[in-house]
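In what follows, a structure is listed as C-alpha cells, so that the remarks can point back to it.
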Amino acid sequence: KIFIIFLSFAFFVPTVAAARNNVNKKLNMLRVCVVNDKPSIYLKIKGPYTIETLHTKQIIEKSKRSLGTSKVVPTNSGLEIGDKTFSVYGIRIIPTVGANIYIDKRRFRGVIDIIRTKKTKLLVINHIDVEDYLYGVLYYETPHYWPMEALMVQAIAARTFALYRKEEMKKADYDLTSDVYSQVYGGQRGERWRTKWAVNLTKEKVLTYNRKIFPTYFHSICGGHTEDASNLWTTDLTPLKGRKCPYCKRTRRFSWKAMFSYKQMEQRLNAYGIKCKGVSYILEGKRNKSGRLTTIRIKDSNGVIDIPANKFRLALGPAMIRSTNFTIKITPKGVLFVGKGWGHGVGMCQWGAFGMAQRGYDHDQILYFYYPGTKIEKL
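Residue 72 in the numbering used here is what sits at position 10 of the sequence shown, and the numbering runs on without skipping anything.
Right under this line is the structure:
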C-alpha cells in the first residue's frame with residue numbers, strides 16, 4: 063500500500079514499479095470545493111437526476127427530466143431551489159449516466175453536494191474520481207499544446223498531489239479547492255483532448271518516495287534554482303530539497319520587474335496584517351542557497367521591522383512580486399524590485415519541465431530530475 067509521508071529517504075532508484083498493494087478505491091474519490099461562502103448560485107441539470115439529503119440519504123426528489131436553470135439560496139430553515147424549498151442543511155445531487163450538472167454555468171462530472179453553512183452561505187463540493195478530476199485540471203495548469211511528455215509529467219505530479227491532499231484533509235469538509243491554493247480545476251469546460259490523453263497515458267501512476275506518496279509541489283518558473291520546501295513549510299523531504307535548474311531560462315517570463323511607492327507598500331502591508339506607519343526605507347535581508355530572500359527589513363516611524371520574505375511577497379501581491387528571488391533598487395519614483403522566477407519555487411519547475419521535454423527527455427526522466435530519489439508507481 064502507498065502511504066502518505068512527512069519523513070525523508072535518500073536513495074535514488076529511477077525505475078517504474080507497481081505498488082505491492084492497491085490503494086483503497088475510496089482513496090481515488092476526491093472532494094473538491096468548487097464554491098465557497100457565496101450567497102447564492104445557479105444550478106442546472108441536463109438529464110435525469112436524484113436529490114437526497116446529506117446525512118440520512120433520504121430521496122427528496124427524483125426526476126426523469128432535466129432541471130432548468132434555478133437559483134439556489136440558503137435560508138434559515140434550509141435551501142431554496144427555484145420555487146421549491148427543502149428543509150435540510152444540505153443535499154446531494156446524483157446525475158444518471160450521461161446527465162450533466164452545471165453550477166454557475168460550469169459543467170461538472172460526478173456528484174454535487176450543496177450545503178448551507180452556519181453563516182447562511184453556500185458551500186458546493188464536487189465528488190469526483192481522481193482521473194476525471196485531472197481532466198479538469200491539466201488544461202489550467204499546463205498549456206495543452208505543450209509536448210506530450212511535459213503534459214504527462216504534470217498529470218503524474220497533479221495526481222500524486224491530489225491523493226496526498228485527500229489523505230491529509232480526510233477530517234475536513236473537503237480535500238481540495240478549485241483554485242491556486244490547491245490546483246486549478248475548472249470542471250468539464252477546461253477539458254482538451256491532448257490534456258485528457260496525457261491523463262489517460264499515465265492512468266493511476268503516482269510518484270512515491272520510499273514507497274509513499276508525498277506532496278509533489280510544483281510552480282511556474284524556478285528562476286534557475288528550485289527551493290527547499292523546509293525553507294517555507296514544515297515539510298523536510300529529500301525530493302523537495304531544491305536543485306539547480308538550467309531548463310527554464312528561455313521563457314520570456316523568467317525575469318520580472320515591479321515598482322511600488324512607499325505609500326503603496328505601506329497600504330498593502332497593513333491590509334495583509336503587517337502593521338507599519340510612515341515607511342521610509344527597505345533593505346534586502348538574508349538569502350538562502352537557492353538565491354531567494356528569507357527576510358525583508360523595512361524602517362517606519364516606530365523603528366525597524368523584519369518581515370519573512372514570502373509573507374512580504376504575498377502582502378504586496380504574488381502577481382507583482384512573482385518570487386522571493388529579487389533585488390531592491392531605490393529610485394526617484396519609488397522602490398524597484400527586479401527578480402526572476404514565478405511562484406514558491408518548491409518541487410517541479412513547470413517551464414523547466416517544458417524545456418526538458420523540448421530537449422528530448424521523457425516524462426520519467428523529468429520527474430526524477432525535479433524529485434530526486436523517487437519512483438513512479440501504479441496505484
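We treat Cβ as the ideally placed atom computed from N, Cα and C, and that holds for glycine.
Would you kindly work out how many angstroms separate the C-alpha atoms of residue i and residue j, rounded to a whole number?
| i | j | result |
| --- | --- | --- |
| residue 232 | residue 191 | 15 Å |
| residue 110 | residue 169 | 15 Å |
| residue 157 | residue 313 | 43 Å |
| residue 201 | residue 366 | 45 Å |
| residue 382 | residue 340 | 22 Å |
| residue 140 | residue 248 | 28 Å |
| residue 395 | residue 326 | 12 Å |
| residue 129 | residue 388 | 53 Å |
| residue 218 | residue 177 | 32 Å |
| residue 143 | residue 348 | 55 Å |
| residue 305 | residue 410 | 10 Å |
| residue 296 | residue 356 | 15 Å |
| residue 196 | residue 280 | 15 Å |
| residue 70 | residue 171 | Any reading at residue 70 must be qualified, since the residue scores a pLDDT of 33, below 50, and its modelled position is unreliable; no value is offered. |
| residue 368 | residue 358 | 6 Å |
Quick one: what's residue i bridged to in DSSP?
| i | result |
| --- | --- |
| residue 136 | 141 |
| residue 320 | 399 |
| residue 157 | 111 |
| residue 443 | The structure shown does not extend to residue 443, since the chain is modelled only from 63 through 441, so no value can be given for it. |
| residue 162 | 108 |
| residue 125 | 111 |
| residue 289 | 408 |
So what does DSSP say about residue i, is it helix, strand or coil?
| i | result |
| --- | --- |
| residue 346 | strand |
| residue 191 | strand |
| residue 254 | coil |
| residue 259 | helix |
| residue 430 | helix |
| residue 203 | helix |
| residue 441 | coil |
| residue 294 | coil |
| residue 84 | Annotation note: pLDDT 37 at residue 84 (below 50); position unreliable, no value reported. |
| residue 242 | coil |
| residue 435 | coil |
| residue 276 | coil |
| residue 418 | helix |
| residue 97 | strand |
| residue 231 | coil |
| residue 209 | coil |
| residue 198 | coil |
| residue 423 | coil |
Would you call residue i buried or exposed, if buried means 16 or more other Cβ atoms sit within 10 Å of its Cβ?
| i | result |
| --- | --- |
| residue 345 | exposed |
| residue 333 | exposed |
| residue 147 | exposed |
| residue 342 | exposed |
| residue 182 | exposed |
| residue 121 | exposed |
| residue 42 | What the structure shows of the chain is the stretch from 63 to 441, and residue 42 is not part of that stretch, so it cannot be assessed. |
| residue 429 | buried |
So that I know if they touch, is there some Cβ in chain B lying closer than 8 Å to that of residue i?
| i | result |
| --- | --- |
| residue 365 | Protein chains in the displayed structure number just one, and chain B is not present. |
Answer yes if the stretch 172 to 192 comes into contact with the stretch 368 to 377, meaning at least three C-beta pairs across the two stretches below 8 Å, and no otherwise. no
* To do: Indicate whether the contact test is met: 3 or more Cβ pairs, each with one atom in the stretch 147 to 156 and one in the stretch 101 to 117, closer than 8 Å.
  => yes
Contact between the stretch 430 to 438 and the stretch 316 to 332: three or more CB pairs below 8 Å?
no
ask   = Pairing CB atoms from the stretch 314 to 324 with CB atoms from the stretch 257 to 264, are three or more of them under 8 Å?
value = no
request  = Examine the Cβ distances between the stretch 392 to 405 and the stretch 290 to 302 and report whether three or more of them are shorter than 8 Å.
outcome  = no
Would you be able to state if there are at least three C-beta pairs under 8 Å between the stretch 245 to 254 and the stretch 262 to 269? With fewer than three CB-CB distances shorter than 8 Å, the stretch 262 to 269 does not count as touching the stretch 245 to 254.
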